[in-house]
Amino acid sequence: MTKKTAVSFRLNDRPVDVLVEPRELLIHTLRERLETTGPHIGCETSHCGACTVDLDGMSVKSCTVLTVQCENSHVLTIEGFAKGGQLHALQEAFMQEHGLQCGFCTPGMITRAYRLLQENPSPTEEEIRYWMSGNLCRCTGYQNIVKAIQYAAAKLRGEIVETSHPMMAEVTA
Ligand code: FES
Ligand code: FES
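Sequential numbering from 10 applies to the sequence shown in the working numbering.
As structure tokens, then:
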């Protein structure tokens with residue numbers, strides 16, 4: 010039997026301790042041990058981006074990261090975006106601009122876009138498309154995904170104050 014290793018890191022601002030085999034992938038630890046099922050498994054071969062999380066300020070595909078590599082790190086997943094009952098601007102934007110259909114790719118899309126806007130608050134459409142090119146949408150809603158990221162960028166820059174989507178009132182009520 011393979012010896013297990015204790016790993017401690019922060020997940021969405023809370024400390025977690027897990028006991029894992031050295032070969033265990035972060036996506037499996039998140040989903041199967043830590044009840045963090047926002048990051049999805051689409052391909053497990055680093056192609057689709059459904060498993061994207063933010064690891065110490067970098068976008069990573071968590072199907073290509075070993076959990077033991079996360080010791081003392083901070084992992085941000087889609088579960089960590091909404092604060093105090095308020096959706097993050099990116100979550101609001103995907104709703105506002107219809108940036109999802111089935112939603113399978115959405116947690117990874119939002120997490121990847123978050124890192125883009127941290128590094129470049131005013132990306133051009135070309136920069137958005139380039140940055141997001143490692144995240145695939147099987148429903149092929151790319152046009153609205155780009156529009157959602159542009160909307161979130163404007164919102165985070167303070168250029169949009171009110172949201173017109175009728176469901177937002179219910180979500181934030
Ligand atoms: Fe990780 Fe597809 S499941 S990139
Ligand atoms: Fe269905 Fe992207 S919304 S895979």
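All C-beta atoms, glycine included, are put in the ideal place defined by N, C-alpha and C.
Distance check for residue j and residue i, CA to CA, integer angstroms please.
{"i": "His56", "j": "Gly143", "result": "7 Å"}
{"i": "Val25", "j": "Cys79", "result": "11 Å"}
{"i": "Ser17", "j": "Ser131", "result": "35 Å"}
{"i": "Gln100", "j": "Arg19", "result": "22 Å"}
{"i": "Gln152", "j": "Arg138", "result": "10 Å"}
{"i": "Val170", "j": "Leu109", "result": "22 Å"}
{"i": "Ser2", "j": "Asn129", "result": "Limits of the chain in this structure are 10 at one end and 182 at the other, which puts residue 2 out of reach."}
{"i": "Arg23", "j": "Glu168", "result": "32 Å"}
{"i": "Thr46", "j": "Thr115", "result": "12 Å"}
{"i": "Asp65", "j": "Leu85", "result": "8 Å"}
{"i": "Ala98", "j": "Ala91", "result": "9 Å"}
{"i": "Trp140", "j": "Ala163", "result": "17 Å"}
{"i": "Gly58", "j": "Gly89", "result": "18 Å"}
{"i": "Gln159", "j": "Thr14", "result": "42 Å"}
I'd like to know whether the C-beta atoms of residue i and residue j end up nearer to each other than 7 Å.
{"i": "Cys111", "j": "Cys148", "result": "yes"}
{"i": "Ile5", "j": "Ile87", "result": "Any answer about residue 5 is impossible in this case: the structure gives the chain only from 10 up to 182."}
{"i": "Trp11", "j": "Glu30", "result": "Looking at the sequence provided, one finds Thr at residue 11 rather than Trp. Yes, they are a contact pair."}
{"i": "Pro48", "j": "Leu39", "result": "yes"}
Which residue wins for smallest C-alpha separation from residue i, given the options the options?
{"i": "Gly51", "options": "Ser68, Leu39, Cys72 and Asp63", "result": "Cys72"}
{"i": "Glu136", "options": "Cys146, Thr120, Val155 and Ile119", "result": "Val155"}
{"i": "Arg124", "options": "Thr54, Phe113, Lys70 and Lys13", "result": "Lys70"}
{"i": "Leu43", "options": "Val27, Glu53, Arg32 and Gly58", "result": "Val27"}
{"i": "Gly117", "options": "Leu75, Ala157, Leu145 and Arg32", "result": "Leu145"}
{"i": "Leu165", "options": "Gly150, Gln127 and Thr133", "result": "Gln127"}
{"i": "His107", "options": "Gly94, Thr76, Val77 and Ala157", "result": "Ala157"}
{"i": "Val62", "options": "Gln105, Leu96, Ala161 and Arg121", "result": "Arg121"}
Can you name the residues that DSSP bridges to residue i?
{"i": "Met186", "result": "Any question about residue 186 goes unanswered here, given that the chain covers just 10 to 182."}
{"i": "Gln95", "result": "Lys92"}
{"i": "Asp26", "result": "Ser17"}
{"i": "Leu85", "result": "Asp63"}
query: Hey, which unbroken runs of the alpha helix (DSSP H) at 4 residues or more fall wholly within the segment 126–178?
result: 134–140 and 151–165
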